[in-house]
Structures are given as C-alpha cells and as structure tokens.
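Accompanying notes for the structure given below.
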Amino acid sequence: MKKNGPPRFSNLIYPLMKLQQFLRIFFCMVLMAAVSSKPVFAQSPLDKTVTINLNNVPLKQALDQLTAASGVRFTYNEAVASSDVKITINAKGQSLRQVLEVALAAYPYVFTELDQDILIRYDAMKIKKSGAGPAANPVTGKYTISGTITSKQSGETMIGATVRVANGAQGTSTNGYGFYSLTLPAGDHQLIVSAVGQKTMVIPISLTADKRLNIALEDNAQELQTVTITATPQGGRDLKSPQMGVEKLSIKEINNVPVLLGEHDVIKTIQLLPGIKSAGEGSGGFYVRGGATDQNLLLLDEATVYNASHLLGFFSTFNSDAIKNVNIYKGDMPAQYGGRLSSVVDIKMNDGNNQQFGVSGGIGVIAARLNVEGPIQKGKSSFLISARRTYADAFLKFSKDTMINRSQLYFYDINAKANYILGDKDRLYVSGYFGKDVLSVDNVNGINWGNTTATLRWNHIFNNRFFSNTSFIYSNYDYEIKLKQDVNNYNITSRIHDWNFKEDMQYDIGGDHSLSFGLNSIYHTIKPGEISATGNSGIISQKLETRYAFDNAAYISDTWKATDRFSLTYGLRLSAFSVLGEGTFYNVNADGDITDSKHYNSGQVVKTYVNPEPRVAAAFQLNDISSVKASYARNAQNLHLISNSTPGSPTDKWVASTNLIKPELADQFSIGYYRDLAEHKYEFTAEIYYKRLQNQVDYRNGANIFTNQPIETQLLYGKGRAYGAEFMIKKKVGRLTGWVSYTLSKSERLIDGINNNQWYNARQDRTHDLALVGIYKLNEKWTLSANFVYYTGDAVTYPSGKYQIDGVNYYVYTNRNGSRLPDYNRLDLGATKQLKKTKKYSSELTFSLYNAYGNRNAYRIFFRDNKDDPNRTEAVKTTLFTYVPSITYNFKF
Amino acid sequence: MHTIRFFAFLLLLGLFSSCEKAIDLKLDNSAPQYVIEGTVTDETGGAKVLISQSKNFTDDNSFVGISGARVTVESDGNVYQFDATGSGVYQNLALKGIPGHTYNLTVKLDGKTYTSVSTMPQPVALDSIYVVDDEFSNNKDKTKQRLATVKYTDPAGIQNYYRFIQYIDNIKEKTIFVDEDEFTNGQTVNSRLNFNNDNDAPTREIRTGKQLTVEMECIDKAVYKYFYSLTNGASGDGNNAAPSNPQSNITGGVLGYFSAYSITRKTITVPAN
C-alpha cells in the first residue's frame with residue numbers, strides 16, 4: 056500500500072526471478088518444446104505386419120523371434136520371461152495385434168503398446184474373465200501368509216503394495232510399515248505382488264501351514280509412468296476397499312507437477328485434487344470439503360505438524376526429498392486417526408537406503424537441497440538425512456539500503472531418520488524433523504518460527520496375523536517476535552508442544568475379518584504468549600497462563616469382506632479430552648465480559664469431553680470395472696486455531712477446548728461411484744458429501760487479538776454445514792498422464808452474534824473448483840507438464856457504503872462474506888530434461904513457469920481514498936505473482 | 102500493545118504488497134444510515150453532536166449534515182438542549198463536562214430515538230511529547246519518517262483508555278491512535294504514535310520546524326472499543342478477514358459513538374534531527 060515504507064521482501068525476490076537469463080532459458084524451453092512436438096512416429100508398433108511360423112515355442116523365445124521378424128521390441132518382466140507357456144503362431148502378413156491376440160488368447164497375458172515397444176504383462180483377470188477357473192484343490196483348512204514388502208534396491212518398505220491371488224478375489228495391501236497379512240485356503244496359489252514404481256512379481260506358494268514371506272520388489276528400471284501406474288491391478292483393490300474420500304500420491308507424481316519457484320511441494324500438489332482447495336497464494340493452508348485450514352491434521356511420521364508453512368505459506372515444511380508416501384483422507388478417516396474435522400494428511404518419510412550409500416540433491420532459484428542416505432549395517436539398518444535451505448537472503452546483502460542489506464529472510468529444515476531391523480519380528484525407527492523460518496529487518500526486528508518433531512517407533516510382529524506398532528512422539532511449534540523501537544526491546548514468544556504415545560495393532564482374524572485397534576494419549580502444553588519488554592514503553596513483562604490438556608482416545612475397527620463384491624468397515628473411536636489445571640477458568644456473558652472465575656490446581660481436571668466417534672464405510676463392487684461406496688464418519692476436534700488475518704499468520708493462536716470452548720464436531724455422509732474406463736486406462740471417481748459441523752469458533756466483531764484477557768472473551772460459537780460433489784477423471788497410462796478434477800460445493804456457517812444470526816458463506820466457500828494436470832513424456836530426455844486451475848473467488852465482505860468519523864472515511868458492512876473475490880485462474884508450465892543417466896549418476900534440469908499467462912489474480916482487495924482525487928474512494932486489487940520462471944538442477948549418485 | 106500490532110501489520114504488509122491496481126468493483130448498496138458523533142469534554146465548546154448519513158461507495162466524499170434533529174444531553178438531573186449551529190452540527194456552549202460524571206445523550210430524528218451514555222474519566226497528565234525516527238519507514242524523499250511519542254504516567258489500580266490526536270501545523274492526522282493500560286497499568290508509558298503515510302502527503306510528515314500538537318483524551322471503555330473496532334474492522338484496509346461495523350455505544354441502530362472525555366494536550370516545535 057505504501058510506496059517506500061515497510062521492508063518489501065517480495066520486491067527483493069522479484070528482481071531475482073525476473074532476471075533476463077531466466078527469461079532466456081524460458082524462451083529456449085518454449086522453442087525446444089515447439090520444435091520437438093512435431094509427430095515423432097507414424098505407425099503404432101501393433102500395426103506392423105509380420106510373417107512367421109512358430110510351433111510350441113516357449114513364450115520368451117517366441118517373443119524374441121517376433122522381434123527378429125518385425126523389428127518391434129517387447130518389454131516384460133521376470134514372470135513373463137520365466138513362463139513355461141508355449142505358443143504357436145502361423146501368420147502371413149498379419150498385424151502384430153492380430154498375431155498376439157490369437158497367440159495369447161488362452162493364456163493369462165495381455166499386451167499393450169508402450170512407446171515403440173509392446174508391453175507383455177501377466178494378467179490374472181483375463182483368465183478369470185474367460186472362465187478358466189483355478190484348478191480344484193483338495194487340501195482343506197486356511198492359513199496365513201504374512202511378511203514385509205520392500206524395494207530390492209533401497210530396502211525401503213513399500214506402503215500400499217498389493218498382494219493378490221491370481222485367479223481369485225482375495226487380496227490385501229501393505230500397511231504404513233510395509234507389512235501384509237493374508238489368510239488363504241490351503242493349497243497352491245500364485246501371489247501377484249505389485250507396487251507403484253516396482254516390477255510386478257508373481258510368486259508361486261504352496262500353503263500347508265502359516266508362512267512368513269518377505270518380498271523384495273525390483274525397481275522398475277524403465278522408470279516409465281505407464282508401468283508404475285498400471286501396477287495398480289486391473290479391477291483391483293481400490294474398487295473393493297470400503298475406504299473412500301482418500302487420495303494417494305507417490306512422490307514421483309508430486310515431482311512432475313510444476314510449482315512455484317521449482318520447489319516440489321506435497322501441500323501444493325494435493326490442492327489440485329478434488330475437494331482439496333488452496334487457501335490462496337501467500338497462504339500455506341488448504342481447505343478440505345468446506346472445512347477451515349486448522350481442521351486438517353498434518354502428520355509427519357505420525358507427529359503432528361502445527362504449522363506446515365514456510366515463508367508465510369509460499370512453501371510447505373515437507374521436503375519432498377525425504378518423503379516416501381502421502382495419504383489424504385477427506386473426512387472419512389479410518390478410526391485410527393482423529394482430532395481434526397476435515398482431513399488427515401498422513402506423510403511418511405523415507406527410511407533410508409539399507410543397500411547402498413547414495414547422495415542426491417538440487418539447486419534451485421531460491422533453495423538448495425541435499426539428501427544423504429545409506430546403510431549403517433547393510434540390509435539391517437540405515438539412515439537418512441535430508442536438508443534444505445533458501446538463500447534468497449544472500450542477495451539482500453547486495454542492496455545499498457542498510458535496512459535491507461541487514462535483513463534476513465530464509466528458512467531451513469532438516470529431516471533425519473534411522474531404522475534398525477532387530478531380527479525377523481522387530482523393527483525400530485527413529486525419525487525427526489526440525490525447521491525454522493527467520494524473517495528480520497535491520498538485524499533487530501523480526502520473527503522466527505518453526506516446528507520440531509521426533510518419533511520413535513517399534514514395529515513388532517506377534518505372529519502371522521498380529522502386527523503392532525508402538526510410537527512415542529514429540530512435537531513442538533513455537534514462534535518468537537523480536538522488536539526494537541527506539542530504546543525499547545520487546546520479545547514475544549508462544550509455543551505449543553505435545554508428548555504423544557500411540558499403540559496401533561492389526562489383527563487378521565481370518566474368516567474375512569481383519570481388526571485394527573489401538574490407543575492414543577497426548578499431553579498438550581500450550582503457552583499462548585509471553586512478552587518481555589525493556590525500555591521506557593511501560594509495558595510490563597508478563598506471561599499468559601499456560602494451558603494443559605490430556606487427550607486420550609481408543610479405537611477399534613473391523614473390515615469385513617462379506618462377499619467377493621461387498622465389504623464393510625465399521626468401527627468406533629472414543630475420544631476423551633481433559634482440560635487440566637493449573638489455571639484459572641472463566642465464565643463469560645453474551646457481551647464477552649467475565650462474570651466469574653475459578654482457579655484449578657495443577658493436575659486438577661477442569662472438564663472432560665468424551666466423544667464417541669463412529670465410522671462406517673461400505674463398498675459394493677458392481678462388476679470388474681466399477682463400484683459404489685458409502686460412508687459415515689464423526690470426528691471431534693479439541694484444538695482450535697484462532698485467526699482473523701486474511702492470509703493466516705505464524706502468530707495465529709492454537710487454543711485447546713476449555714470449559715467454554717466446546718469440542719468441534721463434524722458428521723460427514725458421503726457416497727461415491729468409481730469406474731475404470733477404456734480398459735483401465737482411465738479412472739473415474741465421483742463422490743458427494745454432506746457435512747454437519749457443530750461448535751464452530753470465530754472471533755467476535757472487533758475482537759482484540761493482542762489481549763491478556765482470556766481468549767473466550769473474544770470468541771463466538773455456532774455451527775456449519777458443507778456439501779458438494781467431486782469428480783475426477785485420471786489417465787494413468789501412456790505418454791500423457793494426468794487428471795481433471797472438478798468440485799461443486801457450498802460451505803456455510805451460522806454463528807450467534809455474526810451476520811445478524813443468519814447463515815453466511817464461509818470464506819472458503821467455493822462454488823466451482825477446477826484443476827487440470829497433464830504430464831507428457833516427450834522422449835527419453837524431455838518430460839513436459841502443465842497444470843491449470845480455476846476457482847470461484849473466496850467469499851469476502853465488501854463495503855455496502857461509506858461514512859465519515861472525525862472527517863475520515865470508513866465503510867459500512869452489511870452481510871458477512873456476502874461478496875466474492877474475482878475468480879482465480881492460472882496456468883503453470885514445467886519441463887524436465889534428463890541430462891545424464893548412468894547407473895551411478897543421474898542429473899536433470901527442471902524448468903517451470905508459474906502463472907504462464909500472467910493473470911493478475913486478486914490476492915486481496917482493499918478500499919481507500921483515491922490518491923489522485925481525494926473526493927472519491929476506490930477499490931484496489933493486490934496481486935502477488937505473475938510470470939514466475941524458475942530453474943532447478945537435480946542430481947543423484 | 103498497539104506498537105506490536107502495528108509492527109506485525111507492517112511485516113505482513115511488506116511481504117505481500119507487490120502489485121496494486123485500482124479496479125471497478127460492483128458493490129451492493131445498503132440504505133443510507135445515520136451517523137452520530139457526539140462528544141462532551143471538560144473544555145468549553147466541547148459539547149457537540151454531528152449528524153450525517155452514509156452514502157454509496159461510488160458517491161463522492163462530501164457528506165452533508167442532517168438537520169432537524171432534537172439533541173439533548175442529561176447529567177445529574179440537568180438537561181442540556183443542543184442547538185443546530187450549522188448543517189448537521191448541534192452544540193451547547195454552556196455544557197462543560199466534569200470528570201467522573203455521567204452523560205446521557207438523546208437524539209430524536211425522523212420519529213426515532215437514539216440514546217447513549219458515557220462517563221468522563223479523570224484526566225491523566227500528558228508529561229511530554231517528543232519525536233523519534235521510525236526504524237521501518239521513509240518519507241517520499243528517502244529521509245527517515247519521524248514519529249511522535251507521548252509520555253505519561255498511567256494511574257495504577259484502575260483501567261484507563263486513551264485516544265491521541267496528532268496535529269502537524271494544525272492539520273489533524275487521520276489515523277486513529279487508541280491505547281489502553283492492559284499491559285502498562287501504573288507505569289510511566291512512552292508510546293509511539295505509529296502511522297502509515299499511505300498517500301505520501303507532505304502535510305502528514307513530521308519535519309523539523311513544524312508544530313506538533315498531541316491531544317490526549319481519556320475515554321471510557323465503550324468508546325475505546327468503538328475506536329478499536331472502527332480502525333481494525335471498518336477502515337477497508339483488507340487485513341481483517343472479517344471486516345464489520347464497529348460496536349457503537351449508541352442504541353437504536355445508528356453508526357457512530359458518543360464520548361465524554363477529558364483532555365490534556367502538549368505542543369512542541371519539532372527539533373532538528
């Protein structure tokens with residue numbers, strides 16, 4: 056607003072980004088893309104004609120001979136290569152398509168085009184479809200096979216890897232620690248084991264007793280998106296699982312989506328999925344299904360991360376180098392999760408390569424990253440350290456302005472992890488995160504904030520059917536403001552920290568039931584604020600009362616595969632949140648004035664809120680390619696983030712429930728329809744939801760955020776409702792992959808004392824929200840990507856008139872959030888060039904252009920007297936980013 | 102605490118101010134509402150009520166007074182009639198308020214009655230005023246912006262609320278400066294009057310040789326809340342996620358406030374830097 060006033064960090068970053076060289080690089084990139092986008096091949100390999108005669112030749116040999124005859128190469132895995140199937144071909148000038156169709160008709164193999172090659176794949180469903188059932192097996196009884204699935208190259212456990220029985224409906228997937236357990240009838244089975252980014256394996260087993268089977272999958276050397284994604288089995292588990300409202304992202308997908316300044320970001324990428332919406336530029340928050348930003352539980356290796364944003368929201372605290380896997384539950388969380396209304400974002404860190412030592416990293420426009428991992432004892436234990444730091448502030452030093460060249464503006468974070476395999480049944484993990492943002496002017500005034508988390512986990516396998524994980528977790532978030540004015544020094548600190556114990560158990564009962572149950576106890580300590588002042592301001596150093604709470608929960612949930620087509624998960628989470636002393640608790644009247652107070656001693660229980668939270672989900676598979684699901688979940692939330700600034704701020708307050716602040720409750724009902732299209736190349740998802748919210752908290756009009764009065768004097772309470780429909784179509788196979796997601800939704804609040812006690816739109820109410828993501832593998836060297844987003848502007852409050860007080864203009868407001876920011880739209884482009892790739896070393900260059908057509912999206916709109924004509928008032932739009940190019944160099948050895 | 106608030110504001114402002122553009126925005130218009138600004142001070146001539154009306158956002162900034170109102174203030178059983186002395190200006194020159202006394206305002210207008218009550222706090226002496234450099238901001242010509250600082254001793258044991266009005270060469274600064282003793286009860290306070298010269302007006306700059314006057318008003322709690330919420334919620338600056346009309350201490354559904362306050366003031370000539 057002011058032309059030469061406060062420190063303008065964005066103005067400092069801007070010139071850097073606008074440097075000519077980046078523009079030149081960008082033009083080069085566009086040029087290259089244009090040149091190489093002409094059609095590369097004219098004919099599909101499947102259309103090539105071939106003349107060949109083979110009689111009862113083993114599959115691999117037959118394929119080799121077909122290659123010799125047609126010039127077309129075949130791609131296949133071990134299961135195909137070692138197949139003892141023998142095929143016969145008599146072809147004269149026939150297309151390869153016809154030849155293969157005939158030759159493979161009787162066998163469980165399918166073929167698809169893959170660039171210029173043909174991919175031959177084992178496919179159990181094919182035979183099932185054609186009616187060739189499994190051989191009858193005389194052996195009786197049921198046994199359990201269990202174990203851990205890992206990557207052969209890195210030793211990393213594979214989360215969500217699937218284990219299925221060929222020709223059968225039974226299957227399971229690994230849990231968050233790579234453990235699976237599957238109960239099958241005695242006899243011979245073919246297990247098909249697959250995971251994203253790994254080669255699918257077929258393992259023949261003969262079950263005569265319970266069995267342990269640890270499986271190491273090979274990385275898919277081709278690193279083709281196509282293969283990695285078809286790893287999700289056809290007509291597979293996703294359609295069968297009752298879990299809905301879940302989104303899973305692998306780090307590979309995240310790394311292909313273009314982002315601001317080239318820093319790949321989990322939190323920014325999930326905002327492209329249906330039902331998950333960005334809280335806007337300059338905000339690290341996101342909205343899930345009409346919920347507020349504080350209603351998302353962010354877990355990093357099970358530890359709560361209270362503030363997931365760096366640099367006031369431009370980047371998230373999750374360094375994608377250190378992340379293995381991300382699962383997002385949009386309100387239908389399994390019973391093991393609780394504590395937030397809208398979503399759980401469960402992020403698991405890499406364990407560290409236990410096979411070989413490796414270093415990877417990257418250098419970008421504003422940050423550098425380094426990741427080191429390796430075995431401590433090969434195959435048994437490993438470590439990982441991943442760090443990054445921004446260096447934009449180095450450029451501040453060049454400024455002539457002393458105020459700027461003595462400024463600091465950076466963040467850094469470190470992820471570290473070690474794990475030990477203690478025999479066949481036990482595994483120990485230690486992981487931690489430490490991050491800090493520093494923002495200061497003139498070396499004296501500033502703010503720094505950061506998260507610290509530490510997790511100690513112990514996996515124990517009691518037996519084939521019984522898996523347990525015990526975790527001890529610490530998390531901490533704090534900030535410190537330092538301020539010097541004249542002779543006065545102020546220091547303000549605030550902090551929230553948790554000690555957390557968690558016990559999760561999974562028990563495969565057999566008989567199509569599997570149980571999960573557990574306990575969770577968290578001890579929260581919240582120090583809302585402490586101010587120390589020296590000088591002559593008269594401000595008395597003081598400390599707001601620390602708040603303590605004991606947050607306990609127990610849960611049990613059963614997944615029952617009732618039939619081949621119908622499965623049901625039902626469970627209950629019981630949460631008990633106890634507000635503890637020492638402290639003084641108040642009663643407040645309708646005007647926010649304190650009426651009485653009561654002091655509680657240390658450890659004394661002020662109030663306990665017990666909430667049963669039922670969770671039910673059911674899935675019915677209609678046929679091999681489609682299913683319907685329905686679910687209901689209740690969630691309770693006892694920690695509330697109180698904020699009234701538009702972008703959200705590191706100083707927003709976390710407040711625990713008190714005698715007056717009741718637990719927030721949400722009941723969500725949803726139904727969904729899922730269908731695979733075009734032979735499983737496309738995946739279509741539609742979900743609709745209705746959510747009822749209780750005990751929502753908001754600031755009073757004119758609330759004082761900086762007060763030493765109890766926070767309840769500034770708050771009002773009410774309810775909310777949110778409903779919507781989410782659609783996504785995803786292309787999983789081919790050179791072009793990506794998705795289109797669209798959400799139509801409504802989110803409203805009704806709070807006593809706001810908007811004349813009428814329903815009003817929540818700020819995050821977005822009617823339309825559209826995202827398109829496309830990733831195109833041009834050739835071996837280049838991968839291009841683009842994403843486009845469009846959404847209805849936030850619901851905001853604009854003036855409906857103006858008046859003067861003391862000769863100065865002020866504005867009249869009538870309806871809360873009755874207006875809209877202009878609609879938002881943006882296109883981002885990205886390109887990755889593989890530079891060098893050997894077995895030992897690989898490197899790549901990533902270019903990105905954020906907001907490629909430079910749309911001036913409104914960050915906010917404010918109102919003021921017209922600068923040129925003081926007799927008029929004007930509306931002013933602020934824009935943050937137009938055309939932000941970036942370049943990042945990544946390496947790995 | 103307002104210094105700290107101001108700092109947080111500057112920090113955010115600095116980070117996020119990048120590209121500004123005036124735009125045409127279609128705004129809803131609400132029906133005009135009456136605005137009452139009523140004061141009673143411990144000085145002669147301080148008993149004054151201004152009545153005006155709100156306008157549409159797109160209208161110009163000339164606000165005409167509303168005449169035809171019947172304005173009275175009652176205190177200790179005495180009723181003071183206010184006479185119309187100009188367009189929308191109502192005054193009673195005889196009413197000089199006394200600290201500690203309570204004043205009841207009644208405005209009758211268009212068949213409706215608006216009432217308010219305000220108690221004049223005891224005056225607190227303004228010890229001195231002086232000028233300091235602002236660490237963060239520059240004037241348009243790149244010289245350091247200078248700011249006024251007020252020094253006073255807050256009375257212990259009671260809640261005090263203050264409003265400061267700053268004049269540079271008799272031109273009133275439009276920023277609202279309010280403070281309370283929540284964190285400074287009973288202390289000697291040096292408080293800086295931070296403001297943002299957002300239109301780079303030279304008349305708002307504190308420069309050597311100019312006359313600086315600060316008027317310190319001791320106001321009651323309701324009036325403090327009014328001005329606090331006015332400046333935080335209704336100034337249009339876009340920082341508040343939920344702007345709203347301030348909490349008026351006048352009943353009956355009008356905009357504005359009624360304040361009985363006591364005054365102390367100081368004037369200095371701004372010394373060389």
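Sequence order for the protein chains is A and B. Per our numbering: the first sequence = residues 56 to 948. Per our numbering: the second sequence = residues 102 to 374. Quick reminder that beta carbons are idealized off the backbone N, C-alpha and C, glycines included.
Whole-angstrom C-beta distance between Arg152(A) and Leu101(A), which should lie under 8 Å:
Yes, they are in contact, since the Cβ atoms of Leu101(A) and Arg152(A) sit about 4 Å apart, within 8 Å.
Quick one: give me the first and last residue of the beta strand (DSSP E) that Ala509(A) is part of.
That run of the beta strand (DSSP E) goes 500 to 518.
I need the straight-line Cα distance from Tyr164(A) to Ala241(A), nearest angstrom please.
Going from the Cα of Tyr164(A) to the Cα of Ala241(A) covers about 26 Å.
Cα-Cα separation between Lys385(A) and Gly212(B), rounded to whole angstroms:
For Lys385(A) and Gly212(B), the distance between alpha carbons rounds to 55 Å.
With distances taken Cα to Cα, identify the nearest neighbour of Gln208(A) among Gln692(A), Lys433(A), Tyr737(A), Asn693(A).
Ranking Gln692(A), Lys433(A), Tyr737(A), Asn693(A) by Cα distance to Gln208(A) puts Lys433(A) first.
Within-8 Å CB hit, Lys156(B) to chain A:
Interface annotation, Lys156(B): in contact with chain A, CB-CB separation under 8 Å.
I need the DSSP call for Pro940(A), collapsed to helix, strand or coil.
In the three-state reduction of the DSSP assignment, Pro940(A) falls in the strand class.
What is the rounded straight-line gap between the Cα of Arg366(B) and the Cα of Met317(B)?
Take the alpha-carbon of Arg366(B) and the one of Met317(B): they are about 6 Å apart.
8 Å Cβ cutoff, Cys120(B) in contact with chain A
True, the Cβ-Cβ gap to chain A drops below 8 Å.
Any chain B beta carbon closer than 8 Å to Gln540(A):
Gln540(A) counts as touching chain B.
Helix, strand or coil, according to DSSP, for Tyr853(A) in the structure here?
In the structure shown, Tyr853(A) sits in coil (DSSP, three-state: anything other than H, G, I, E or B).
What residue from Tyr938(A), Gly779(A), Phe948(A), Ala930(A) has the CA that sits closest to Ile124(B)'s CA?
Ranking the options by Cα distance to Ile124(B), first place goes to Ala930(A).
Just to confirm my understanding: we take Glu781(A), look at its own chain, exclude 5 residues before and 5 after, and list those with CB closer than 6 Å. What are they?
The residues Pro329, Gly330, Glu742, Thr798, in chain order, have a CB closer than 6 Å to that of Glu781(A) in the same chain once the five nearest residues on each side in sequence are set aside.
Neighbour flag for Glu145(B) against chain A, beta carbons, 8 Å:
A small correction: the amino acid at residue 145(B) is Thr; Glu does not occupy that position in the sequence shown. Not one chain A Cβ lies under 8 Å of Thr145(B).
Buried/exposed call for Tyr908(A), threshold 16 Cβ in 10 Å:
Its Cβ having fewer than 16 others within 10 Å, Tyr908(A) is exposed.
So Gln312(B) contacts chain A; which residues on that side make the cut at Cβ distance below 7 Å?
The contacting residues do not exist; Gln312(B) stays about 19 Å from chain A at best.
Listed from N- to C-terminal order along the chain, which residues in the region 907 to 922 of chain A have their beta-carbon within a distance smaller than 9 Å of any beta-carbon of chain B?
Flagged, chain order: Arg911, Ala913, Tyr914, Arg915, Ile916, Phe917, Phe918, Arg919, Asp920, Asn921, Lys922.
With DSSP as the reference, label Ala645(A) as helix, strand or coil.
Three-state DSSP puts Ala645(A) in coil, outside helix and strand.
For chain B, is any of its Cβ atoms less than 8 Å away from the one on Phe129(A)?
The Cβ of Phe129(A) sits no closer than 8 Å to any Cβ of chain B.
May I ask you to report which of helix, strand or coil DSSP gives Gly178(B)?
Shown here, Gly178(B) sits in coil according to DSSP, grouped into three states, outside any helix or strand.
Work out the CA separation of Asn906(A) and Phe77(A) for me, nearest whole Å.
Because Phe77(A) sits at a pLDDT of 29, beneath the cut-off of 50, its placement in the model cannot be relied upon, and the following sentence gives the value as read from the coordinates. So the two alpha carbons sit approximately 15 Å from each other.
Output, in chain order, the set of chain A residues within a Cβ distance shorter than 8 Å of Leu379(B).
Since the first and last residues shown for chain B are 102 and 374, residue 379(B) lies out of range.
Could you tell me the alpha carbon to alpha carbon distance between Lys891(A) and Leu827(A), rounded to whole angstroms?
Rounded to the nearest whole angstrom, the C-alpha separation of Lys891(A) and Leu827(A) is 30 Å.
Tell me, please, whether the CB atom of Gly337(B) is closer than 8 Å to any CB atom in chain A?
So, interface residue.
Mind checking whether Asn346(B) and Tyr358(B) have CB atoms under 8 Å apart?
No; because the gap between Cβ atoms is not below 8 Å, this pair is not in contact.
Could you pull the DSSP bridge partners for Leu40(A) from this structure?
There is no way to answer for residue 40(A), as the model of chain A reaches only from 56 to 948.
CA-to-CA distance, Lys662(A) to Ala631(A), given in whole angstroms
Here the alpha carbon of Ala631(A) sits roughly 10 Å from the alpha carbon of Lys662(A).
Could you tell me the alpha carbon to alpha carbon distance between Val343(A) and Asn351(A), rounded to whole angstroms?
Rounded to the nearest whole angstrom, the CA to CA distance from Val343(A) to Asn351(A) is 8 Å.
Can a CB atom of chain A be found closer than 8 Å to the CB of Gln348(B)?
Yes, Gln348(B) lies at the interface with chain A (some Cβ there is under 8 Å from its Cβ).
Whole-angstrom distance between Met560(A) and Leu627(A), CA atom to CA atom
For the pair Leu627(A) and Met560(A), the Cα-to-Cα distance works out to about 15 Å.
In this structure, how does DSSP classify Lys895(A) when only helix, strand and coil are distinguished?
Taken through DSSP and simplified to helix, strand or coil, Lys895(A) comes out as coil.
Quick one, which of Ile306(A), Leu715(A), Arg919(A) has its alpha-carbon nearest Glu121(B)'s?
Among Ile306(A), Leu715(A), Arg919(A), the Cα nearest to that of Glu121(B) belongs to Arg919(A).
Measure the alpha-carbon distance for Tyr446(A) versus Val427(A) and round it to whole angstroms.
Straight-line Cα distance between these residues: approximately 20 Å.
Let me know the secondary structure DSSP gives Pro344(B) once reduced to three states.
DSSP, read as helix, strand or coil, puts Pro344(B) in coil.
Threshold first: 3 residues or longer. Then list the beta strand (DSSP E) segments lying entirely within the region 223 to 267 of chain A, N to C.
Taking only runs of at least 3 residues, the beta strand (DSSP E) segments lying wholly in the region 223 to 267 of chain A are 226 to 228, 234 to 240, 242 to 249, 256 to 262.
Does Tyr16(A) come within less than 8 Å of chain B when only Cβ atoms are used?
Absent from the model: residue 16(A). The displayed extent of chain A is 56 to 948, so no value can be given.
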